[in-house]
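Chemist: The structure follows.
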Amino acid sequence: MPWKRCPFCGGLSYSAATSYNEWLCPYCEKDITSAPDCSPDSSATKPTDVTTSRPED
Numbered sequence: 001m002p003w004k005r006c007p008f009c010g011g012l013s014y015s016a017a018t019s020y021n022e023w024l025c026p027y028c029e030k031d032i033t034s035a036p037d038c039s040p041d042s043s044a045t046k047p048t049d050v051t052t053s054r055p056e057d
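For the sequence shown, my numbering assigns the number 1 to the initial residue and increments by one for each residue that follows.
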């Protein structure tokens, strides 16, 4: 399920739609269709793998 954060009001919106032509913010009603996906399962929000190394004793 895609999530978007409105760049105008900061509201968080999600949709169960499989396709959409226009995505309006449910709080300020501005068009957020082109706002980036911020879904919890999107690669944009996943932490990158970080490998830490320890000095050997």
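Just so it is clear, CB atoms sit at the ideal spot from N, CA and C, and this is done for glycine as well.
Count the other CB atoms, across all protein chains shown, that sit within 10 Å of the CB of cysteine 9; report buried if there are 16 or more and exposed otherwise.
Modeler: exposed
Chemist: Which value, in whole angstroms, describes the spacing of the CA atoms of cysteine 38 and proline 2?
Modeler: Between the C-alpha atoms of cysteine 38 and proline 2 there is a straight-line separation of about 7 Å.
Chemist: Output the distance between the C-alpha atoms of alanine 35 and arginine 5, rounded to the nearest integer angstrom.
Modeler: 7 Å
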